[in-house]
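A.B. asks: Residue numbers (the working numbering), protein chains in the order written: chain A, 14 to 125; chain B, 107 to 221.
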Amino acid sequence: NAGVTQTPKFQVLKTGQSMTLQCAQDMNHEYMSWYRQDPGMGLRLIHYSVGAGITDQGEVPNGYNVSRSTTEDFPLRLLSAAPSQTSVYFCATRGAQPYEQYFGPGTRLTVT
Amino acid sequence: GENVEQHPSTLSVQEGDSAVIKCTYSDSASNYFPWYKQELGKRPQLIIDIRSNVGEKKDQRIAVTLNKTAKHFSLHITETQPEDSAVYFCAASITLYGGYNKLIFGAGTRLAVHP
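#1: Does any residue of chain A have a CB that is nearer than 7 Å to the CB of residue 172/B?
#2: Note down, one range per segment and in chain order, each beta strand (DSSP E) of at least 3 residues found wholly within the segment 79-115 of chain A.
#3: When the Cα of residue 17/A is compared with those of 28/A, 31/A, 114/A, which residue comes out closest?
#4: Just to confirm the assignment: which complete beta strand (DSSP E) runs, minimum length 3, are found wholly within the segment 132-183 of chain B?
#5: Looking only at its own chain, which residues have a Cβ that is under 8 Å from the Cβ of residue 96/A, when we skip the five neighbours before and after it?
#6: Closer than 6 Å by C-beta to residue 176/B: which residues in its own chain qualify, once you throw out the five before and the five after it? Chain order, please.
#7: What are the boundary residues of the beta strand (DSSP E) that includes residue 69/A?
#8: With C-beta atoms as the reference, is residue 65/A less than 7 Å away from residue 81/A?
#9: Name, in chain order, the residues that DSSP records as bridge partners for residue 73/A.
#10: Quick check on residue 16/A: does DSSP put it in helix, strand or coil?
#11: Using only CA atoms, which one of 147/B, 215/B, 210/B, 216/B lies nearest to residue 110/B?
#12: Within 10 angstroms of the Cβ of residue 79/A, are there 16 or more other Cβ atoms? Answer buried if so, exposed if not.
#13: What residue from 196/B, 217/B, 155/B has the CA that sits closest to residue 56/A's CA?
#14: Tell me the residue span of the beta strand (DSSP E) that contains residue 38/A.
#15: Which residues does DSSP list as the beta-bridge partners of residue 64/A?
#16: Exposed or buried, which one is residue 144/B when buried takes at least 16 other CB atoms within 10 Å?
This is the structure in structure tokens:
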């Protein structure tokens with residue numbers, strides 16, 4: 014039982030490049046989210062999903078796309094990377110009850 | 107819009123002292139208040155949470171209090187130990203369509219416990 018996994022752990026991109034951050038869970042949780050963490054700003058919600066085929070925007074969705082074709086996977090796509098997207102990205106999952114969200118180990122992304 | 111303010115941003119205590127971190131939230135519909143601990147380079151981990159129908163909850167050396175009227179909630183750590191050193195985040199949650207509980211996080215408190 015791996016819980017929530019994220020790949021890669023580290024990534025360096027050049028401005029304008031695109032990439033996909035992977036998130037997978039084996040807990041059969043309905044709810045999945047992507048957050049970014051920047052110094053002094055806590056965690057901010059990018060996109061979330063309430064089940065396969067259903068996604069919605071969070072607080073800071075611009076520049077990111079998501080899809081949820083299966084319960085297990087929730088990839089985050091950066092369409093054209095910008096230095097402002099340099100951050101640590103966390104995927105999180107939650108079941109129907111209780112409310113606890115489980116975070117993945119994170120991906121540290123640097124855009125030069 | 108929704109907002110959570112957290113104070114202080116840094117807190118330094120001596121081992122054995124108590125530490126208190128305070129948060130205020132703006133959305134009166136918030137109904138769930140978790141606290142996360144994040145060690146350097148690690149993922150946030152839930153340490154305690156409280157629902158809006160409860161005023162206080164305790165788990166060994168940590169406790170959380172909630173004042174719904176004032177929209178305040180606080181984390182209390184007693185008998186602090188060096189391993190309590192970390193960044194602590196509060197959050198307030200509202201339930202959206204589909205049952206998803208959207209978490210709004212505070213900016214974090216860096217707690218240092220000195221031996």
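C-beta atoms are modelled at their ideal positions from N, C-alpha and C, and glycine is treated no differently. All values derive from a computational prediction rather than experimental measurement.
C.D. replies: Quick answer:
#1: Not closer than 7 Å to any Cβ of chain A, the Cβ of residue 172/B fails to qualify, so no.
#2: Those beta strand (DSSP E) runs which fall completely within the segment 79-115 of chain A and span 3+ residues are 89-91, 100-107.
#3: Comparing alpha carbon positions, the residue from 28/A, 31/A, 114/A closest to residue 17/A is 114/A.
#4: DSSP runs (the beta strand (DSSP E)) wholly in the segment 132-183 of chain B: 138-144, 151-157, 162-165, 168-173, 178-183.
#5: The residues are 28, 124, 125.
#6: Nothing listed; no residue qualifies.
#7: Its beta strand (DSSP E) spans residues 67-70.
#8: Cβ distance < 7 Å, so residue 65/A and residue 81/A count as in contact.
#9: Per DSSP, none; premise fails for residue 73/A.
#10: Residue 16/A falls in the coil class under three-state DSSP.
#11: Ranked by Cα distance from residue 110/B, the first of 147/B, 215/B, 210/B, 216/B is 210/B.
#12: With 16 or more Cβ atoms within 10 Å of its Cβ, residue 79/A is classed as buried.
#13: The shortest Cα separation from residue 56/A among 196/B, 217/B, 155/B belongs to 196/B.
#14: Per DSSP, residue 38/A is one residue of the beta strand (DSSP E) stretching across 32-38.
#15: Listed as beta-bridge partners of residue 64/A by DSSP are 67/A.
#16: Buried is the call here.
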